[in-house]
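A.B. asks: Take this structure first; my questions come after.
Number of protein chains: 2
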Amino acid sequence: MSLASDMIRGHTDTIILAQLLKEDSYGYKINRAIVEKTGGLFELKEATLYTAFRRLEQSGCITSYWGDENTGARRKYYSITPHGVEEYNRMVAQWEQSAGLLQRLIYPE
Amino acid sequence: MSLASDMIRGHTDTIILAQLLKEDSYGYKINRAIVEKTGGLFELKEATLYTAFRRLEQSGCITSYWGDENTGARRKYYSITPHGVEEYNRMVAQWEQSAGLLQRLIYPE
DNA sequence: TTATATACCTCGTCTGTCAAGGTATATAAC
DNA sequence: GTTATATACCTTGACAGACGAGGTATATAA
Numbered sequence: 000m001s002l003a004s005d006m007i008r009g010h011t012d013t014i015i016l017a018q019l020l021k022e023d024s025y026g027y028k029i030n031r032a033i034v035e036k037t038g039g040l041f042e043l044k045e046a047t048l049y050t051a052f053r054r055l056e057q058s059g060c061i062t063s064y065w066g067d068e069n070t071g072a073r074r075k076y077y078s079i080t081p082h083g084v085e086e087y088n089r090m091v092a093q094w095e096q097s098a099g100l101l102q103r104l105i106y107p108e
Numbered sequence: 000m001s002l003a004s005d006m007i008r009g010h011t012d013t014i015i016l017a018q019l020l021k022e023d024s025y026g027y028k029i030n031r032a033i034v035e036k037t038g039g040l041f042e043l044k045e046a047t048l049y050t051a052f053r054r055l056e057q058s059g060c061i062t063s064y065w066g067d068e069n070t071g072a073r074r075k076y077y078s079i080t081p082h083g084v085e086e087y088n089r090m091v092a093q094w095e096q097s098a099g100l101l102q103r104l105i106y107p108e
């Protein structure tokens, strides 16, 4: 595992939920958006991405439906649920808190 | 695992090295310093702490020696090595980069 | 002698990540 | 026609870090 991944570890769900706040989307597109936003510095590995979708759907944070494209590969779309929005807000608050803690901890004195 | 722990995951080594930059120290004291610095909001679990010491010593980032207390429980002191300092600097840079990436990723738009 | 604080350690489990593999559709190149 | 690339989904098995639960030992205070 790369160091950057270890740093992002635990935030995968938050990142995905953030993408879904704006509009429904599907795995491939979400990953492209992440790569673009970070200027190619970060991407979610496919296995990680689809594991996260399963986890989020099981916990009621997202729901899914198949798109009705009549051309190209099929797409599975995801929607964020009200519970997902709550969880998102909670996770962002957690991130802000733990980022603050780390700032205090990783610099000497 | 608590959410906060998952956020800190991967930063344990950096936190420990940061403590050792100032002076040699031992496990129990390092943990107390962390609890104090974060106002009790975070602590390293003992199993995590001693796993990290083993990992850091094996990778040449720290060395250890037994203290010569003639009272109380024995203490195992750790020193950061030049290689450990390098690693620390690398990890801090990584943290700063990934914190920036996350800022861009966890907020919509 | 019982409790608390200090101080160290290990074992086994859990969870998130990811390499490696797979399937299927559409387009462009040769 | 077939080979390559892009799109788009998925699963399996292994790995690594975190940690609950247990253990050992010393000193002091109740």
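Protein chains in written order, with numbering that gives the first Met the number 0: chain Z, 0 to 108; chain L, 0 to 108. C-beta atoms are modelled at their ideal positions from N, C-alpha and C, and glycine is treated no differently. Because the structure is a prediction, the values reported are computed rather than measured.
#1: Just verifying my parser: in three-state terms, what is the DSSP assignment at L/Tyr-25?
#2: Please check the pair L/Thr-37 and Z/Leu-100, which I expect to be a contact at CB under 8 Å, by giving their CB distance rounded to whole angstroms.
#3: Would you identify the three-state DSSP class for L/Lys-44, choosing helix, strand or coil?
#4: Would you mind reading off the limits of the beta strand (DSSP E) that contains L/Tyr-77?
#5: From the DSSP output, read off the bridge partner residues of Z/Trp-65.
#6: Counting only Cβ pairs nearer than 8 Å, list the residues of chain L close to Z/Thr-37.
#7: Below 7 Å CB to CB, which residues in the same chain sit around L/Met-0 once its five sequence neighbours on both sides are set aside?
#8: Here's the rule: buried if 16 or more other CB atoms are within 10 angstroms of the residue's CB, otherwise exposed. What is L/Tyr-87?
#9: Taking 7 Å as the CB-CB cut-off, is Z/Ala-92 touching chain L?
#10: Return the residue from the list L/Asn-30, L/Lys-75, L/Pro-81 that minimises the CA-CA distance to L/Gly-66.
#11: Leaving aside the five residues before and after L/Gln-18 along the sequence, list all residues of the same chain whose C-beta is less than 7 Å from its C-beta, in chain order.
C.D. replies: Short version:
#1: strand
#2: 5 Å
#3: coil
#4: 75 to 79
#5: Residue pairing by DSSP places Z/Trp-65 opposite Z/Lys-75 in a beta bridge.
#6: Leu-100, Arg-103, Leu-104
#7: Caution is warranted here: a pLDDT of 44 is assigned to L/Met-0, below 50, making its placement in the model unreliable, and no coordinate value can be reported.
#8: Residue burial annotation: L/Tyr-87 is buried, with at least 16 other C-beta atoms found within 10 angstroms of its C-beta.
#9: no
#10: L/Lys-75
#11: Ser-24, Ile-29, Ala-32
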